[in-house]
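**Q** Those letters in the sequence shown? Residues 1 to 186, by my numbering.
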Amino acid sequence: MTDPKETIEIENVVASTDIEQELDLDQVGEDLSGAEFNPEHFPGLVYRTQDPKAAALIFRSGKIVCTGANSEQAVRDALDIVFEELRALGIAIAETPAIEVQNIVASVDLDHRLNLNAIAIGLGLEHIEYEPEQFPGLVYRLDEPSVVALLFGSGKAVITGGQHPKEIDQATDTVVTRLDDLGLLE
1 MTDPKETIEI
11 ENVVASTDIE
21 QELDLDQVGE
31 DLSGAEFNPE
41 HFPGLVYRTQ
51 DPKAAALIFR
61 SGKIVCTGAN
71 SEQAVRDALD
81 IVFEELRALG
91 IAIAETPAIE
101 VQNIVASVDL
111 DHRLNLNAIA
121 IGLGLEHIEY
131 EPEQFPGLVY
141 RLDEPSVVAL
151 LFGSGKAVIT
161 GGQHPKEIDQ
171 ATDTVVTRLD
181 DLGLLE
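As structure tokens, then:
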């Protein structure tokens, strides 16, 4: 059996920062090549980086949310590009604004088909949501680490809500241990 932790792939890292000043998004949208700003549809300006591939959502307040990167380093690299582009427009930005990871989404292969009905009963209703007619996965809310694991009959899982990659590893271990203890990883 493959160690499920070896199959972990970070799909998305969402992080935020603040350049601590108000922005004229109409002007930034005109001056920043490739930026999209349509306030009737979304209150922020969207600026996409290509290498690394990510999107920065820039708000009038100076707050910036970066999404779509596949690692913490990619988030930092993408935001460094955004900071440099804004500086090139004459916007004063601190040398290294603090960047805080808000959410990591990762996929994992548990290497077994899963009987979601048996898992729902085994894990107990206080920690899970399972309505197969509404959603094909079982939602398992872990206490430690405080993340959510979406389990699918195929044996694939999505873990979300962590702020550090080690929480994804820890959640994978917890899920595998709980399912193994219940005899549900045969």
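We put the beta carbon where it would ideally sit given N, CA and C, even for glycine.
Runs of 4 residues minimum, wholly inside the segment 43 to 89: which ones carry the alpha helix (DSSP H) assignment?
**A** Listed in chain order, they are 72 to 88.
**Q** Quick one: is P4 buried, meaning 16 or more other Cβ sit within 10 Å of its Cβ, or exposed?
**A** For the purposes of this step, residue 4 is taken as residue 4 along the sequence shown, with counting starting at 1. So P4 ends up on the buried side.
**Q** Relative to the C-alpha of N103, which residue among V46, E72, T174, G153 is closest?
**A** Translated into the one-based positions of the sequence shown, residue 103 becomes position 103. Of the candidates V46, E72, T174, G153, the one whose C-alpha sits nearest the C-alpha of N103 is E72.
**Q** If you pair each beta-carbon of the segment 86 to 100 with each one of the segment 124 to 142, do three or more pairs fall below 8 Å?
**A** No, the segment 86 to 100 is not in contact with the segment 124 to 142.
**Q** Would a C-beta distance cut-off of 8 Å place A120 and Y130 closer than the cut-off?
**A** For the purposes of this step, residue 120 is identified with residue 120 of the sequence shown, where counting begins at 1. For the purposes of this step, residue 130 is identified with residue 130 of the sequence shown, where counting begins at 1. In contact: A120 and Y130 (Cβ atoms closer than 8 Å).
**Q** Grab me the residues of P145's own chain with a C-beta within less than 7 Å of its C-beta, minus the 5 sequence neighbours each way, in chain order.
**A** Residue mapping note: residue 145 aligns to position 145 of the sequence shown, counting from 1. Answer for P145: G162, E167, Q170, A171, listed in chain order.
**Q** Tell me whether S16 is buried or exposed, calling it buried when 16 or more other Cβ atoms sit within 10 Å of its Cβ.
**A** The residue labelled residue 16 in the question sits at position 16 within the sequence shown. Result: buried.
**Q** Can you tell me whether T217 is buried or exposed, with buried defined as 16 or more other CB within 10 angstroms of its CB?
**A** With the chain represented from 1 up to 186, any question about residue 217 goes unanswered, as that position is not in the structure.
**Q** Reducing DSSP to helix, strand and coil, say where G122 ends up.
**A** Position 122 of the sequence shown holds residue 122. Helix, per DSSP.
**Q** Taking all protein chains shown into account, decide if E20 is buried (16 or more other Cβ within 10 angstroms of its Cβ) or exposed.
**A** The sequence position of residue 20 within the sequence shown is 20, counting from 1. E20 is exposed by the Cβ-count criterion.
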